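J.: Please read through the structure below; I'll follow up with questions.
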Amino acid sequence: MGLLTNVEKGALVKLFNRGGYVLNFSTPDFDAFTLDSVGEALCEKYGMSKGRSLNAYINEARDSETTKLLIDLFEYYEFAFSKEIESNSEYASIYRRCKPVVERVRTLLSNSTLPIETLKDKFSNEYISSQIDLMVRMQSENPTEAIGKSKELIESCCKTILENNKVTLDNKWDITRLVDETVKLLKITPRDIPDSAPEAIAIKGLLQNLKVISQNIATIRNAYGSGHGKSASYKGLEERHAKLAVGSSITLVNFLWDSHEKQFCNII
1 MGLLTNVEKG ALVKLFNRGG YVLNFSTPDF DAFTLDSVGE ALCEKYGMSK
51 GRSLNAYINE ARDSETTKLL IDLFEYYEFA FSKEIESNSE YASIYRRCKP
101 VVERVRTLLS NSTLPIETLK DKFSNEYISS QIDLMVRMQS ENPTEAIGKS
151 KELIESCCKT ILENNKVTLD NKWDITRLVD ETVKLLKITP RDIPDSAPEA
201 IAIKGLLQNL KVISQNIATI RNAYGSGHGK SASYKGLEER HAKLAVGSSI
251 TLVNFLWDSH EKQFCNII
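Here it is in structure tokens:
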């Protein structure tokens with residue numbers, strides 16, 4: 001049996017499906033969201049409306065994938081529909097029934113290991129590009145969501161690199177530890193430059209600054225980013241803050257991924 005029963009999945013889909021639409025997503029934004037969540041742009045995949053594409057995916061995908069997408073959509077709903085949650089609408093009633101179900105699943109997932117194979121399959125140069133496009137667009141449209149995505153991109157990059165190099169992951173590692181372990185693994189300094197050379201020290205200094213930035217992004221995300229329900233009085237950060245977080249994460253991820261690919265090419 002999966003983490004969600006068919007009845008529970010149906011209730012969640014009913015919460016999200018708004019007469020063929022899914023919440024307040026445009027088609028491009030919905031495809032970007034599902035690509036980030038489960039590695040597939042659903043409207044592009046099925047060629048149908050957002051609501052029908054969601055239903056088609058729920059009916060045919062693996063349980064782990066459908067569960068992840070539904071939980072991610074629920075977290076987005078909590079963030080974007082706080083006023084509706086506090087109303088007496090039918091959707092608010094559905095939300096209250098779904099909330100304990102989602103909390104149960106979150107608890108179970110927090111005690112399980114990361115689905116590494118799914119992560120490895122979806123992380124690539126194309127994935128990085130799609131996430132950068134999504135984060136840049138969200139900087140102005142939804143700064144707090146952009147901050148959350150910037151942290152998730154760093155985590156996904158580090159976990160993929162470590163797993164590809166047969167490093168055993170500890171699910172207790174935070175983003176700082178993930179970056180530390182990734183940097184330790186990769187050959188950061190060019191081969192013909194001694195580690196004691198001034199330029200090597202400068203490179204390591206820049207990297208140390210990026211590591212500190214990743215830690216600060218995590219702190220900001222925990223306070224302001226995606227993944228947490230917000231009250232109607234909640235005030236998020238501004239576009240300029242999102243640009244700082246997104247720009248920093250892009251720089252770090254591109255450097256780590258380029259280093260990983262160069263090392264891999266040298267091996268083969």
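Note that the working numbering has the sequence shown beginning at 1, numbered continuously upward.
Ideal Cβ positions, reconstructed from N, Cα and C, are used throughout, including at glycine.
Because the structure is a prediction, the values reported are computed rather than measured.
1. Over what stretch of residues does the alpha helix (DSSP H) that includes G10 continue unbroken?
2. As a quick exercise: from N55, Y127 and F16, pick the residue whose alpha carbon is nearest that of A32.
3. From this set, T176, T5, K172 and N222, which residue's C-alpha is nearest L207's C-alpha?
4. Taking 8 Å as the CB-CB limit, is A11 close to chain C?
5. Among V22, S53, H241 and C98, whose alpha-carbon lies nearest the alpha-carbon of P143?
6. Using a threshold of 8 Å, state whether the C-beta atoms of T270 and K9 are closer than that.
7. For V22, which beta-bridge partners are listed by DSSP?
8. Give the DSSP-derived three-state secondary structure of S64 in the structure shown.
9. To which residues of the same chain is N165 closer than 7 Å at the C-beta, ignoring the five residues directly before and after it?
10. What's the gap between the Cα of N59 and the Cα of A11?
11. Where does A197 sit, in a helix, a strand or coil, going by DSSP?
12. When DSSP labels each residue in this structure, what does T168 get in the three-state scheme?
13. Got a sec, what are the start and stop residues for the alpha helix (DSSP H) L185 sits in?
14. Report the option in P100, D36, T34 and A92 whose CA atom is closest to the CA atom of L3.
15. Rounding to the nearest angstrom, what Cα-Cα distance links S26 and G39 in this structure?
16. Check whether the Cβ atoms of E145 and L162 lie closer than 8 Å to each other.
17. Measuring CB to CB, does L134 end up less than 8 Å from K149?
18. Rounded to whole angstroms, what is the Cα-Cα separation between M1 and C98?
19. Using three-state DSSP, classify N88 as helix, strand or coil.
20. State the start and end residues of the unbroken alpha helix (DSSP H) segment that holds S37.
21. Which whole-angstrom value describes the C-beta separation of A245 and I147, a residue pair presumed to lie in contact below a C-beta threshold of 8 Å?
22. Run the CB neighbour count on S196, radius 10 Å, all protein chains shown included, and call it buried at 16 or more, exposed below.
23. Less than 8 Å between the beta carbons of Y77 and K50, yes or no?
24. Taking its Cβ as the centre, do 16 or more other Cβ atoms sit within 10 Å of A41, making it buried, or is it exposed?
25. So S53 and K45 are supposed to be a Cβ contact under 8 Å. How far apart are they, rounded?
26. If I follow the unbroken alpha helix (DSSP H) through E238, where does it start and stop?
27. Using only the alpha-carbon positions, how far apart do S231 and W257 sit?
T.: With the given structure in hand:
1. Locating residue 10 in the sequence shown gives position 10, counting from the first residue. Run containing G10: N6 to F16, per the alpha helix (DSSP H) assignment.
2. Here residue 32 refers to the residue found at position 32 of the sequence shown. For the residues N55, Y127 and F16, the minimum Cα distance to A32 belongs to Y127.
3. Position 207 of the sequence shown holds residue 207. For L207, the nearest C-alpha among the options comes from T176.
4. Among the chains of the structure shown, chain C does not appear; only one protein chain is present.
5. On the sequence shown, residue 143 is found 143 positions in, with the first residue counted as 1. Taking only the C-alpha atoms, the option nearest P143 is H241.
6. Because the chain is modelled from 1 through 268, residue 270 falls outside the range shown and cannot be assessed.
7. As a working mapping, residue 22 is identified with position 22 in the sequence shown. Its beta-bridge partners are N17.
8. The residue given as residue 64 occupies position 64 in the sequence shown. Helix at S64.
9. To locate residue 165, count along the sequence shown from 1; it is residue 165. Cβ neighbours of N165 beyond the five flanking positions: L185.
10. What you label residue 59 is simply residue 59 of the sequence shown in a count that begins at 1. What you label residue 11 is simply residue 11 of the sequence shown in a count that begins at 1. About 14 Å.
11. Locating residue 197 in the sequence shown gives position 197, where the first residue counts as 1. Here A197 sits in coil by DSSP.
12. Counting from one through the sequence shown, the residue named residue 168 turns up at place 168. Correct three-state label for T168: coil.
13. Residue numbering aside, residue 185 sits at position 185 when the sequence shown is read from its first letter. L185 -> alpha helix (DSSP H) spans I175 to L185.
14. Translated into positions along the sequence shown, residue 3 becomes position 3. When only C-alpha atoms are compared, the closest one is P100.
15. Numbered from its first residue, the sequence shown carries residue 26 at position 26. Numbered from its first residue, the sequence shown carries residue 39 at position 39. Using only the alpha carbons, I get a separation of about 18 Å.
16. The residue you call residue 145 lines up with position 145 of the sequence shown. The residue you call residue 162 lines up with position 162 of the sequence shown. The answer is no: Cβ separation not under 8 Å.
17. What you label residue 134 is simply residue 134 of the sequence shown in a count that begins at 1. What you label residue 149 is simply residue 149 of the sequence shown in a count that begins at 1. Against a cut-off of 8 Å, the Cβ pair of K149 and L134 comes out as a contact.
18. What you label residue 1 is simply residue 1 of the sequence shown in a count that begins at 1. What you label residue 98 is simply residue 98 of the sequence shown in a count that begins at 1. Low per-residue confidence applies at M1: pLDDT is 48, beneath 50, and the placement is therefore not dependable, though the value from the model is reported in the following sentence. Distance between the alpha carbons of M1 and C98: 18 Å.
19. Taking the first residue of the sequence shown as 1, we reach residue 88 at position 88. N88: coil per DSSP, three-state reduction.
20. On the sequence shown, position 37 is the one that residue 37 refers to. Note, S37: alpha helix (DSSP H), T27 to V38.
21. The residue labelled residue 245 in the question sits at position 245 within the sequence shown. The residue labelled residue 147 in the question sits at position 147 within the sequence shown. That belief holds up - the Cβ atoms of A245 and I147 are roughly 5 Å apart, short of 8 Å.
22. Numbered from 1 along the sequence shown, position 196 holds the residue referred to as residue 196. S196 comes out exposed.
23. Walking along the sequence shown from the start, residue 77 turns up at place 77. Walking along the sequence shown from the start, residue 50 turns up at place 50. Not in contact: Y77 and K50 (Cβ atoms no closer than 8 Å).
24. As a first step, residue 41 must be located in the sequence shown, where it is residue number 41. Classification for A41: buried.
25. Taking the sequence shown and counting its residues from 1, the one referred to as residue 53 is at position 53. Taking the sequence shown and counting its residues from 1, the one referred to as residue 45 is at position 45. The pair is a contact, with the Cβ atoms about 7 Å apart (cut-off 8 Å).
26. Indexing the sequence shown from 1 puts residue 238 at position 238. Per DSSP, E238 belongs to no alpha helix (DSSP H) and is neither H nor E.
27. Indexing the sequence shown from 1 puts residue 231 at position 231. Indexing the sequence shown from 1 puts residue 257 at position 257. Any answer about S231 is weak, because its pLDDT of 43 lies below 50 and its placement is not dependable; what the coordinates show is given next. S231 and W257: Cα-Cα distance of roughly 37 Å.
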